[in-house]
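Colleague: Below you will find the structure I want to go over with you.
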Amino acid sequence: MSRWPWMLLALLPLALSGCTQQSSTPNPGPSDPDDVETGPWDGSAQTLPERTDAIGQTAYSDCHYKLPPNTQVTACDDPSLFFDRSSCPSDAFNSLDSTGTYQIVTRTVSGLTYASFGLRIPSDGTPSTLFDGGRDVAFLGGIPQKEGTPLTQQQVGAGSFSFSMTFPWNPPRDFARSYLFAGCTRPEPDRINGCFALCSNGGIRSVGTFTAVRTHWGRGEAESGGGLTLVSETAAPLPQSGEVTVAKNHAYVVGLPTNNYSGGLAVFDVSDRAHPVLVKSLPFGNATPTYAVAARGDALYVGGFGRYGGGFLVYDISNPADPQPVGVQSSVGSLFVDGDRLYTTGGQGADVQVYDISTPLAPVLLQRVTPLVEGTTGPLGVSAWQGRLYVNHGVGGFLAFDVSNPTSFRQLGGYNFVNQYSNASVVGTFAGRTIAFEAGQGLNAHLRVLDVTDPNQMRLIGEHTLRSEFSINHLVLKGTRLYTTWFQEGVRVLDVSIPTQPHEVAFFNTYRETDTGRKGRTLEGASGIHVPGDGYVYVADTHRGLLIFNEP
C-alpha cells in the first residue's frame, strides 16, 4: 500500500499560497445516478480541459478593514477595532453551535491563500485550539506541538463567531504570530465566511478573508449509505493509525508518528470480523517512524524513513500473530506489491526502488528508478499494472515507466499541471483502454480519471470531487469498484464501470468530532484501506483504529 504523505503538511502552504490564477469552472461533484449512462463502456471518451487545482483570488467575504497592514497595534483580539462588519447579516449566527471542528482557509487582500488551519472547540470543557496544519506544529520553545495552540479569546455560538490566538515566538524563525478571525456570513449551515487579521512584531502583517467549513458529515448525509455497513470497530494501541494490510486472517495496522511517538505496529486476529482481537503491539521507539505496510507470503513489509534512522523492515509472519523481524532494507515511505515485485519510494529521496520478492523474506534490490522530473517532494506513491510502473511524484506530477525489463526501466510520459500534488493512484483496463485513477492532495485536489493507454499522451476523461478542503489518501480498484479513503469525508465507493462518469454508490462517514484524540488537523479521518476480496473492507482511521465493513 502507498504511504502516508509525510511531506504534505510541510508543503501544503507552499503549494497553495502561490496560486494566483483566477478560479475557473468548478470541477464536477458527485454524479446524480439518473445522469449516468447505462450499458457497457465502448472506450470512447472526450478529452476534458485541465482546470488544475488552482484557486482564485476572489474574497470569501465582503470585508472592510479599519486598520491597514503595517499599522502598529498593541493587541490583535478585538474585531470591532479591525473590521467594519456593518454589512454582515445580524442573524447569520443565531443558530450556530458553540462547539465543533472547522477547517479554515485564509486569503489575503493580495490573493495569497493558506489552507492549513484547524479550529477545534470541544464539548468537554477542555481548551479550544487552533492548529497550524501547514507546519503540522505550533512551536513552543522550539518544540513541535501537535496538540494545537489554545485560543486567547472566543465568542462562538448563537449570535457570534470570532476568536483569536497567538503562535508563540520561535527564534530565529519568526516573531510571535497573532490571528484574529471574525465571521460575517453563513452561506451554508456548515460554512462560515468572514474577515481575518495577522499581527506580528507589534503591527498588522496582513488582512484578508476566510472560509471555515465544519468537518462533520457533509451534504446533510447520514452516517452511511449504499450497503457499506460497519461490522466492527477496534481501537488500536497507537496515537494515530495510518495504514492497514490483511494477511492470514490478521490485520496489521501501522501507527503514524507524533511529537512523542515514533511509530509502531498493531496486530489483530480478524478470524471473527465482528470481534477482532489485538494479539500483539510493537512500538518501534525513536528509530523507525512507520508509514506503510504490505504483505507477501510469509513476509510483512513495514516502511519507515531513513532521515529518522528508520528503514524498510521485513517481518516473518509464518505465525501471523507473532511477527518476527528478519531484516532491514533501505529507508522507504510507501510500498506496493505486484506479484513477485515490491516497489518502494525512498522517503526524501528522488527514486523508486524495485525489489524481487520471489523469496518474500529475502528481498533483492533489482534497480533504483530516478524520475526525470523537477520537484522537491520526491515520489509519494506507486502502483503497477501490466508491465508499467506509475509514480505519484507530488509537485512533479503523475509519471509512467516501462518496467517490463527489470534491468532497464524507461520513463514513458506523465501528466502534470501547475500546483499539482499527486499522491495516490490505481490503474486498470476498461474496454481495452488503460485507465488510471489519480488523486492529489491539497485544497481543491480531487479524483482524476486519465486514459494512459498512450503514456506519452495522457488524457483527462473524468473527475469526481467532494468538499474542496478534504483530500483522498488511498485508492483500491476491485473490478469496476473504486474504494477510497478520503480523510474527513470517510470511505467512499465509486462505480467506475464507465470511467468517464465515476459515481458514488456507497459511503461511510468515519469522522466524528467527539472521537478521542481528534485535533482538527488537516489530515484526520479515514486513512488506510485494504480490500483483499474476502467480502470485507478494512480501514485504518487515524483515531478510531481498525474499522471493518461489509464489502458492498
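Quick note, the sequence shown lines up with residues -22 to -1, 1 to 530 if you use mature numbering (1 follows the signal peptide of the UniProt record, and there is no 0).
Yeah, the Cβ is synthetic: ideal placement off N, Cα and C, and Gly gets one too.
Quick check: what's the CA-CA separation for Gly359 versus Gly180?
Modeller: 44 Å
Colleague: Rounded to the nearest angstrom, what separates Val209 and Leu256 at their Cα positions?
Modeller: 16 Å
Colleague: What does the Cβ neighbour count give for Leu438, buried or exposed, with the cut at 16 atoms within 10 Å?
Modeller: buried
Colleague: DSSP on Gly356, reduced to helix/strand/coil?
Modeller: For Gly356, the secondary structure class from DSSP, reduced to helix, strand or coil, is coil.
Colleague: Among Arg319, Ser449, Ala277 and Gly410, which one has its Cα closest to the Cα of Gln302?
Modeller: If we check each option's Cα against that of Gln302, Ala277 comes out closest.
Colleague: State the DSSP-derived secondary structure class of Gly511, mapped to helix, strand or coil.
Modeller: The answer is coil: DSSP assigns Gly511 none of H, G, I, E or B.
Colleague: By DSSP, does Arg251 sit in helix, in strand, or in coil?
Modeller: coil
Colleague: Quick one: measure Cβ to Cβ for Thr163 and Met143, integer angstroms, because I've assumed they're closer than 8 Å.
Modeller: A Cβ-Cβ distance of about 22 Å is found for the pair Thr163 and Met143, leaving them out of contact under the 8 Å criterion.
Colleague: Could you tell me whether the region 69 to 82 touches the region 192 to 211, where touching means 3 or more Cβ pairs closer than 8 Å?
Modeller: yes
Colleague: If distances are taken between C-alpha atoms only, which option among Phe95, Gly392, Gln131 and Asn394 comes closest to Pro105?
Modeller: Gln131
Colleague: Would you call the region 378 to 398 in contact with the region 425 to 434, where contact means no fewer than 3 C-beta pairs closer than 8 Å?
Modeller: yes
Colleague: By Cβ distance, which residues of its chain are closer than 7 Å to Asn48, with the 5 residues on each side in sequence left out?
Modeller: Only Gly181 and Ile182 meet the Cβ criterion.
Colleague: Does the separation of the CB atoms of Glu491 and Gly513 fall below 7 Å?
Modeller: No; because the gap between Cβ atoms is not below 7 Å, this pair is not in contact.
Colleague: Using only alpha-carbon positions, find the residue among Pro510, Pro167 and Val469 that is nearest to Glu201.
Modeller: Val469
Colleague: Check for me: the alpha helix (DSSP H) holding Pro57 runs from which residue to which?
Modeller: Start and end: Pro57 to Phe60.
Colleague: Taking all protein chains shown into account, decide if Glu166 is buried (16 or more other Cβ within 10 angstroms of its Cβ) or exposed.
Modeller: exposed
Colleague: Does Pro122 come out as helix, strand or coil in the three-state DSSP assignment?
Modeller: Note that Pro122 scores a pLDDT of 44, beneath 50, so its modelled location is shaky; the value from the coordinates is reported in the next line. Pro122: coil per DSSP, three-state reduction.
Colleague: On the DSSP bridge list, what partners appear for Val454?
Modeller: Tyr461
Colleague: Please report the straight-line C-alpha distance between Ala70 and Ser446, rounded to a whole angstrom.
Modeller: 23 Å
Colleague: How about Gly161 and Phe174: are their beta carbons less than 7 Å apart?
Modeller: no
Colleague: Our contact map puts Thr443 next to Leu460 with C-beta atoms below 8 Å; I'd like the distance itself, whole angstroms only.
Modeller: The Cβ separation is near 14 Å, so there is no contact.
Colleague: Determine which residues share a DSSP beta bridge with His442 and list them.
Modeller: Leu425
Colleague: For Val315 and Ala378, I'd like the C-alpha separation in whole angstroms.
Modeller: 17 Å
Colleague: Tell me, please, whether the region 448 to 459 touches the region 91 to 100 by the rule of three or more beta-carbon pairs shorter than 8 Å.
Modeller: No, they do not touch.
Colleague: Tell me whether Gly21 sits in a helix, a strand or coil according to DSSP, three-state version.
Modeller: coil
Colleague: Would Asp329 and Leu344 qualify as a contact pair, given that the criterion is a beta-carbon distance under 7 Å?
Modeller: A distance of 7 Å or more separates the beta carbons of Asp329 and Leu344.
Colleague: Between the alpha carbons of Gly137 and Ser68, how many angstroms are there, rounded?
Modeller: Cα to Cα, the separation comes out at about 8 Å.
Colleague: Beta strand (DSSP E) containing Gly498: first to last residue?
Modeller: Run containing Gly498: none; DSSP gives neither H nor E here.
Colleague: Let me confirm a value: residue 591 is counted as buried when at least 16 other C-beta atoms fall within 10 Å, else exposed. Which label applies?
Modeller: No statement about residue 591 is possible, as the shown extent of the chain runs from -22 to 530 and does not include it.
Colleague: Using only CA atoms, which one of Glu467, Asp380 and Thr30 lies nearest to Gly198?
Modeller: Glu467
Colleague: For Gln479, which three-state DSSP category applies?
Modeller: Coil, per DSSP.
Colleague: Out of curiosity, what's the CA-to-CA distance linking Thr91 and Leu74?
Modeller: Rounded to whole angstroms, Thr91 and Leu74 show a C-alpha spacing of 26 Å.
Colleague: How many angstroms separate the CA atom of Tyr321 from the CA atom of Asp247?
Modeller: Counting only the Cα atoms, Asp247 lies some 27 Å from Tyr321.
Colleague: According to DSSP, simplified to helix, strand and coil, what is Asn397?
Modeller: coil
Colleague: Suppose contacts are defined by Cβ-Cβ distances below 7 Å. Is Val224 in contact with Pro510 by that definition?
Modeller: yes
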